[in-house]
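Working notes for the structure below.
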Amino acid sequence: MTGPVSAQELYEVIRRRRDVRAEFTGEPVDEATLLRILDAAHRAPSVGNSQPWDFIVVRDPATLRTFADHVASKRVEFHDSLPPDRAATFDPIKIEGITESGTGIVVTYRHDRGGPQVLGRATVPETGVYSAVLAIQNLWLAATAEGIGVGWVSFYDPEFLTDLVDLPEHLQLVAWLCVGPVHEFQEVPDLERFGWRTGRPLAEAIHRETFGAQDAPPARSSAYPRSPGS
Ligand SMILES: Cc1cc2nc3c(=O)[nH]c(=O)nc-3n(C[C@H](O)[C@H](O)[C@H](O)COP(=O)(O)O)c2cc1C
Numbered sequence: 006m007t008g009p010v011s012a013q014e015l016y017e018v019i020r021r022r023r024d025v026r027a028e029f030t031g032e033p034v035d036e037a038t039l040l041r042i043l044d045a046a047h048r049a050p051s052v053g054n055s056q057p058w059d060f061i062v063v064r065d066p067a068t069l070r071t072f073a074d075h076v077a078s079k080r081v082e083f084h085d086s087l088p089p090d091r092a093a094t095f096d097p098i099k100i101e102g103i104t105e106s107g108t109g110i111v112v113t114y115r116h117d118r119g120g121p122q123v124l125g126r127a128t129v130p131e132t133g134v135y136s137a138v139l140a141i142q143n144l145w146l147a148a149t150a151e152g153i154g155v156g157w158v159s160f161y162d163p164e165f166l167t168d169l170v171d172l173p174e175h176l177q178l179v180a181w182l183c184v185g186p187v188h189e190f191q192e193v194p195d196l197e198r199f200g201w202r203t204g205r206p207l208a209e210a211i212h213r214e215t216f217g218a219q220d221a222p223p224a225r226s227s228a229y230p231r232s233p234g235s
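Numbering-wise (my numbering), the sequence shown opens with residue 6 and increments by one.
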């Protein structure tokens with residue numbers, strides 16, 4: 006089926022999507038909206054139609070607090086591993102909104118979900134995890150369209166989170182996502198706003214025919230596209 010979906014609106018949602026840390030309102034995402042964005046995630050493409058993902062919705066304030074405390078300790082470890090100038094740049098950067106968002110979604114991957122013969126995964130096993138990540142991207146974009154922020158948190162020991170959400174051994178962690186309504190989406194990614202790292206220009210990422218055939222583009226200090234095609 007083809008139909009009148011506005012490409013412009015879709016590009017606008019893609020442009021507006023941000024990794025959200027500090028802009029959560031503190032209100033929880035309502036159940037109907039949560040189910041719509043999980044439905045969007047569940048419609049993602051997956052290798053061999055294996056749909057290898059699961060979504061664990063975490064709302065118990067005590068669990069959120071426990072995870073936030075663990076992440077805070079990992080933040081300190083990362084901070085202490087940095088040279089002084091990078092540590093100073095890192096200082097004001099918030100890396101999670103676990104308690105403020107009110108909802109965590111733990112995304113997992115199950116390798117045996119697609120049965121013994123997963124069509125398309127035989128030679129590239131990572132395509133299984135890639136599929137789970139595509140579900141996350143669907144969720145992220147659907148949430149953005151709903152005015153719901155998403156923040157991906159990866160500052161954790163996998164063993165710690167596995168125990169916290171009582172994950173069976175055959176499931177692999179992919180992400181903790183902070184999910185909640187926001188009062189705004191920042192225009193510019195936090196890591197760029199705080200001077201940690203700027204985006205690369207699109208031209209640098211595009212190669213033609215072979216990787217080496219591309220002419221080196223002129224260096225630019227910051228070239229984050231502000232609108233489609235710019
Ligand atoms: C796999 C993955 C892990 C990430 N982990 C974290 C994290 O632990 N903390 C954080 O603040 N942001 C995390 N991010 C968000 C990135 O920093 C962010 O996507 C990037 O800076 C670009 O900003 P934008 O998403 O707002 O465009 C993660 C993103 C991805 C895709």
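Using N, Cα and C, we set each Cβ at its ideal position, and we do this for glycine too.
Inclusion of V179 and A137 in the CB contact set at 8 Å is warranted, their separation being smaller than that value. C-alpha of E189 to C-alpha of V34: approximately 15 Å in a straight line. Chain-ordered, the residues whose CB falls short of 5 Å from any heavy atom of ligand 1 come out as R23, D24, I100, W157, V158, S159, F160, P194 and L196. Shortest Cα-Cα distance from G200 to any of F29, S78, A93 and G120 involves A93.
Contact between Q177 and T113 holds, with the beta-carbon distance rounding to 6 Å and staying under 8 Å. Check the Cα spacing between L146 and each of G125, V158, D85 and L43: the tightest is with L43. In this structure L139 touches A49 by the C-beta definition: roughly 4 Å separates them, less than 8 Å. Under DSSP, L176 takes part in a beta bridge, and its partners are R115. In summary, N143 is buried, with 16 or more beta-carbon neighbours lying within 10 Å of its beta-carbon over all protein chains present. For G133, the enclosing alpha helix (DSSP H) stretches over residues T132 to A150. Here L124 is exposed: its Cβ has fewer than 16 other Cβ atoms, across all protein chains shown, within 10 Å.
Rounded to the nearest whole angstrom, the C-alpha separation of E82 and H75 is 11 Å. The alpha-carbon of G217 is positioned some 14 Å away from that of A208.
The region 98 to 107 and the region 152 to 169 touch, with no fewer than 3 CB-CB distances between them shorter than 8 Å. Excluding sequence positions up to five before and after G152, its CB lies within less than 8 Å of the CB of P186 and V187, all in the same chain and listed in chain order. Burial is judged here by how many other beta carbons sit within 10 angstroms of a residue's own beta carbon; D96 has fewer than 16 and is exposed. Approximately 12 Å separates the beta-carbon atoms of I110 and F72; this is outside 8 Å, ruling out the contact.
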